[in-house]
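*Asks:*
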Amino acid sequence: MKGPSLFRHLPVDDAIRILALKTQVPMTPETMAAGLRVTFFPVLSASEGLRTFADRLRDALVAAGVQVLPYAGAMDPARRGKLQENLVIIATGDLQTGNLPVNHVQNLRTTTVVGIVEGPCPAEEETTDQEKLDKIVRTLTWSIVQVAIYVDRKRWTITTMNGAVIPCELTGPFARDVLELLIPKLAAPVVPPHASDFDVRSGVLDLAGPELLPYVEDFVRSGPLWERTGLLLFHTSMEQLEFRSAFYKRIAAAYLDHRSGMSYGFLARQIALSYRPAWMEEVPPESVLLTIAGQALSLAVPEAWVLTTRSGCDKSHIDPARDLLLMGLSGGKVVLATPRGLDRHIDSKPSYDTLTIVAHALANALVAQVLDVLRPGAGFSTMLRSTGAALAHWHGSIASDAVPDGYIIHGAANPPVSCSTRQAALFAFTGKLGALEESFGNNSSFEGDIHIEPHHGVNVTGPSLLHLARWAMERVCGVHPDTGPLRQAAAQ
Numbered sequence: 000m001k002g003p004s005l006f007r008h009l010p011v012d013d014a015i016r017i018l019a020l021k022t023q024v025p026m027t028p029e030t031m032a033a034g035l036r037v038t039f040f041p042v043l044s045a046s047e048g049l050r051t052f053a054d055r056l057r058d059a060l061v062a063a064g065v066q067v068l069p070y071a072g073a074m075d076p077a078r079r080g081k082l083q084e085n086l087v088i089i090a091t092g093d094l095q096t097g098n099l100p101v102n103h104v105q106n107l108r109t110t111t112v113v114g115i116v117e118g119p120c121p122a123e124e125e126t127t128d129q130e131k132l133d134k135i136v137r138t139l140t141w142s143i144v145q146v147a148i149y150v151d152r153k154r155w156t157i158t159t160m161n162g163a164v165i166p167c168e169l170t171g172p173f174a175r176d177v178l179e180l181l182i183p184k185l186a187a188p189v190v191p192p193h194a195s196d197f198d199v200r201s202g203v204l205d206l207a208g209p210e211l212l213p214y215v216e217d218f219v220r221s222g223p224l225w226e227r228t229g230l231l232l233f234h235t236s237m238e239q240l241e242f243r244s245a246f247y248k249r250i251a252a253a254y255l256d257h258r259s260g261m262s263y264g265f266l267a268r269q270i271a272l273s274y275r276p277a278w279m280e281e282v283p284p285e286s287v288l289l290t291i292a293g294q295a296l297s298l299a300v301p302e303a304w305v306l307t308t309r310s311g312c313d314k315s316h317i318d319p320a321r322d323l324l325l326m327g328l329s330g331g332k333v334v335l336a337t338p339r340g341l342d343r344h345i346d347s348k349p350s351y352d353t354l355t356i357v358a359h360a361l362a363n364a365l366v367a368q369v370l371d372v373l374r375p376g377a378g379f380s381t382m383l384r385s386t387g388a389a390l391a392h393w394h395g396s397i398a399s400d401a402v403p404d405g406y407i408i409h410g411a412a413n414p415p416v417s418c419s420t421r422q423a424a425l426f427a428f429t430g431k432l433g434a435l436e437e438s439f440g441n442n443s444s445f446e447g448d449i450h451i452e453p454h455h456g457v458n459v460t461g462p463s464l465l466h467l468a469r470w471a472m473e474r475v476c477g478v479h480p481d482t483g484p485l486r487q488a489a490a491q
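Residue 120 in numbering that gives the first Met the number 0 sits at position 121 of the sequence shown, with consecutive numbering throughout.
Okay, structure coming up:
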């Protein structure tokens, strides 16, 4: 990876430990390629042009350092008809019901299935972002693939289930595009988080208590403004999708941890740094050595607690009792708490972006500690300690003239990994530390950051969701809340 080291502020092992990521994480296209194992599914029916593209792709993967296995060599000798785990399976052309790649997969959470499809990307036919996403997801679910590559006469387009659309020219730098654009999507794919990934505390969250109520109200009051922005794309329901059979629908449901569908974007409120849930047991203190602007600082690893929207909810019409979760980093593990009295029939699942959310929160808390030492009284630190912070994520981009004063943008040069991945969490965490260091280099105040996730979206930190919604309306969308309830909400 070009540019300064991601881990110049703290050792990589420390970052992995305090973010509860557990194992080493490949962060560059080259190291991602070295860890990939790919096999090509037997072709049933495909045009000569599509077969030529698949051959070209195979050669580019091998040149990048990917291990490409013959299909017979990728089978699991202990499971007849099943492929080994930890594979990428690439299927070219038409697929047959009853003999899809997924029929030969043992675990979709450890296997990525890629379909190569002839024709233009269907997203090109749609006009709105919501329509584009819906069309892509319908195509992916029909054949139960996590990545689809569309090939027409002029271009090949990578699409993923979190809405990424990456067009590449067939006459362009093909080997480089495979290495820098496709391989990160294969090595760091969308994997919906499961409850088993977390320390779950069910029914312990008191949203009406004085400690959390102001944050809950921020979600509710900002809703009308977020709706007006149109930035938070809505839910693609499982019931809206067409499957080849009930069997394939059950496979998709299990992969999604029985979510009711897929949604895009999130809203989160980091709780003030003094907060600690009464139901959370004490954990042994630990420290980390952080180097910022040439200063080596031994800092206590703080806990970070965040109220966030559940996966699949309507984020502009929050019902706190069913739509909010508390997540936190404590003692080297991610804790997930659900509200008291939550109906067991509610589809209360954590956001796909859970690791990225807690990474931003922990980085915010460490930034506050650094500022306390090097810039006592800094506004960002004062905010974190008194009222916490807000984080909003949506699919899209932000024009440079919309960036607030004192904000640093980071992440645009990172590999385009998916938002649910450990890589995404590390890019968020190290990027914010780098943004703080940049503010010292510029001799400017650090008021917040905008984290770019290439070919996906943005994460923006701010003082409250209401503040971010007002800013997004006026500076990102060019909409002014000049009538009725919108003016009332924006004035609060």
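Every residue gets a Cβ at the ideal spot worked out from N, C-alpha and C, and that includes glycine.
1) Buried or exposed, going by whether 16 or more other CB atoms sit within 10 Å of the CB of Thr-127?
2) With DSSP run on the structure shown, which of helix, strand or coil describes Tyr-406?
3) Check whether the region 374-391 and the region 268-277 touch, using three or more Cβ-Cβ pairs below 8 Å as the test.
4) Report the residue from Ser-4, Leu-361, Met-74, Thr-27 whose alpha carbon sits nearest the alpha carbon of Arg-16.
5) What residue from Leu-60, Val-305, Ala-423, Pro-183 has the CA that sits closest to Ala-14's CA?
6) Using three-state DSSP, classify Ala-163 as helix, strand or coil.
7) In the DSSP assignment, find the unbroken alpha helix (DSSP H) run with Asp-12 in it and report its ends.
8) Do Glu-238 and Arg-137 have their C-beta atoms closer together than 8 Å?
9) What is the rounded straight-line gap between the Cα of Lys-314 and the Cα of Thr-228?
10) Since Ile-157 contacts Leu-178 with CB under 8 Å, what's their CB separation in whole angstroms?
11) Does DSSP put Trp-492 in a helix, in a strand, or in coil?
12) Report yes if the C-beta distance between Ala-187 and Pro-276 is below 8 Å; otherwise report no.
13) Check whether the Cβ of Phe-445 sits closer than 7 Å to any heavy atom of the ligand MG, and report yes or no.
14) Mind checking Thr-353: buried by the 16 CB within 10 Å criterion, or exposed?
15) Quick check on the DSSP output: the alpha helix (DSSP H) that includes Ala-391 runs from which residue to which?
16) So, at 7 Å on beta carbons, what are the nonlocal neighbours of Val-61 in its own chain, with the 5 sequence-adjacent residues on each side left out?
17) Under the assumption that His-392 contacts Val-457 (Cβ atoms under 8 Å), give the Cβ distance between them as a whole number of angstroms.
18) In the structure shown, what three-state DSSP assignment does Gln-487 receive?
19) Could you tell me the distance, in whole angstroms, from the CA atom of Leu-425 to the CA atom of Ile-408?
20) In the DSSP assignment, what residue or residues form a beta bridge with Glu-168?
*Replies:* Straight from the coordinates:
1) exposed
2) strand
3) yes
4) Leu-361
5) Ala-423
6) coil
7) 11-17
8) no
9) 12 Å
10) Not confirmed; about 13 Å, so no contact.
11) Shown here, the chain extends from 0 to 491; a query on residue 492 therefore has no answer.
12) no
13) Absence of the ligand MG from the depicted structure is noted, as is the absence of any ligand whatsoever, leaving it without description.
14) buried
15) Unbroken run through Ala-391 is the beta strand (DSSP E), 388-394; no alpha helix (DSSP H).
16) Val-67
17) 7 Å
18) In this prediction, Gln-487 scores a pLDDT of 45, lower than 50, which makes its location untrustworthy; no coordinate-derived value is stated.
19) 16 Å
20) Arg-154
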